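Numbering (my numbering), first residue to last: 288 to 631.
What follows is one structure encoded as structure tokens, with my remarks underneath.
Written out as structure tokens, the structure reads:
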């Protein structure tokens, strides 16, 4: 009698042969080898607890990983995850090659931005600068990257580069996580408070744009924007406009000590009311933190007293200013002149 199981054996043998052939072809394929090399490298990174920054790698590990990942990508140029990890390995010492690798990868500029912000928060500004530069190189129209780059330049006191970065952030106008007004605010600061860059008209325009969009990171920035614009009004003799902006700043942030000082000077310039100006400056003094900058309200108060002939009060105010900054030659000269004339 003919066996009933033989056909099943034939089918099993056929499938087994087919699987062997498929397995052999898969094994020989570039894709398989590419995956093998890439997966081995990534597993090595994960095993060592490396994060996206790749900062944990020593030179020997970098060389080994570079070889593995490059071999993987030679076999399959389309492995976007492989390009991403190669960029991580290159980032420390081969930044241009890292950038080229990341441009071929699945990485997002926001990922790079996140790492830059971590370094910024840790006050590692050189590292943060590197991350943020890479961010805008990957996506030049990314306002958030330019904004963070500008903030980092401020920290290392490169005022010109900071202003350029903030200008670029508002020019490309492609914000994601950064409020637009914050970029205009920092642009205004750059053009107003750093002597080498001073452009009052550009600062005024930036502050006005910031207030127009009304999208700030916090209320302190909004108040300081009003304060900055008020200072520009006062410098140009627009005292009523200055007083309006100073008062807006105080309404938003009642602890902004510089605003009270500016308000007092604008009020006195407008109506000559020394009593009101004195009261407002003393409000500023009560809020002012201890430190060298506390000379300014006393210095301003002394000048007002001197202008109105109250020399004894002026002497007292100037002496108080010098306790905070004994090296202020301007105040010392004013004080010496008053003391000379005060001698009977």
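By construction, the Cβ of each residue, glycine as well, lies at the ideal position given by its N, Cα and C atoms.
Treat the numbers as computed from the prediction; the structure is a model and nothing was measured.
Check, Outcome
"Select from 559, 522, 411 the residue whose C-alpha is nearest the C-alpha of residue 592.", "559"
"In whole angstroms, what separates the C-alpha of residue 572 from that of residue 544?", "7 Å"
"Rounded C-beta distance between residue 536 and residue 510? I'm assuming under 8 Å.", "4 Å"
"Cα-Cα, which of 585, 629, 413, 627 is closest to residue 610?", "585"
"Report yes if the C-beta distance between residue 533 and residue 553 is below 8 Å; otherwise report no.", "yes"
"Quick check: what's the CA-CA separation for residue 578 versus residue 476?", "22 Å"
"Assign residue 628 to one of two classes, buried (16 or more other C-beta atoms within 10 Å of its C-beta) or exposed (fewer than that).", "exposed"
"Relative to the alpha-carbon of residue 600, which residue among 561, 581, 575, 616 has its alpha-carbon at the smallest distance?", "561"
"What runs of the alpha helix (DSSP H), each 4 residues or longer, lie entirely inside the segment 486-523?", "487-500, 506-522"
"Can you list, in chain order, the residues of its chain with a C-beta nearer than 6 Å to that of residue 608? Leave out the 5 residues immediately preceding and following it.", "582, 585, 586, 618"
"Taking 7 Å as the limit between beta carbons, can you name the residues of its chain near residue 604, skipping five residues before and five after?", "585, 588, 589, 592"
"Kindly list the residues whose CB is nearer than 8 Å to the CB of residue 463, restricted to its own chain and excluding five residues on each side of it in sequence; keep chain order.", "397, 429, 430, 431"
"According to DSSP, is residue 566 part of a helix, a strand, or is it coil?", "helix"
"With respect to the alpha helix (DSSP H) encompassing residue 586, which residues constitute its N-terminal and C-terminal limits?", "582-594"
"When burial is assigned at 16 or more other CB atoms within 10 Å of the CB, is residue 399 buried or exposed?", "buried"
"Where does residue 439 fall in DSSP's three states?", "helix"
"Could you tell me whether the Cβ atoms of residue 547 and residue 519 are closer together than 8 Å?", "no"
"Taking residue 438 as the reference, which of 406, 425, 424 has the closest Cα?", "406"
"Whose C-alpha, out of 612, 624, 564, 615, is nearest the C-alpha of residue 598?", "624"
"With a threshold of 7 Å on Cβ separation, who are the neighbours of residue 612 within its own chain once the five nearest residues in sequence on each side are excluded?", "579, 582"
"On a CA-only basis, which of 465, 474, 420, 421 is nearest residue 446? Give me that one, please.", "474"
"From residue 361 to residue 503, what distance separates their C-alpha atoms?", "Reliability of the predicted coordinates at residue 361 is poor, the pLDDT of 49 falling under 50, and no value is obtained from them."
"Taking the C-alpha atoms as reference points, what is the distance between residue 296 and residue 402?", "Low confidence applies here, because residue 296 scores a pLDDT of 49, under 50, leaving its location unreliable; read the following figure in that light. If I take the Cα positions, the gap works out to 59 Å."
"Could you work out which residue in 443, 467, 444, 413 is closest to residue 454 when comparing CA atoms only?", "467"
"What number of angstroms, rounded off, separates the C-alpha of residue 417 from the C-alpha of residue 435?", "11 Å"
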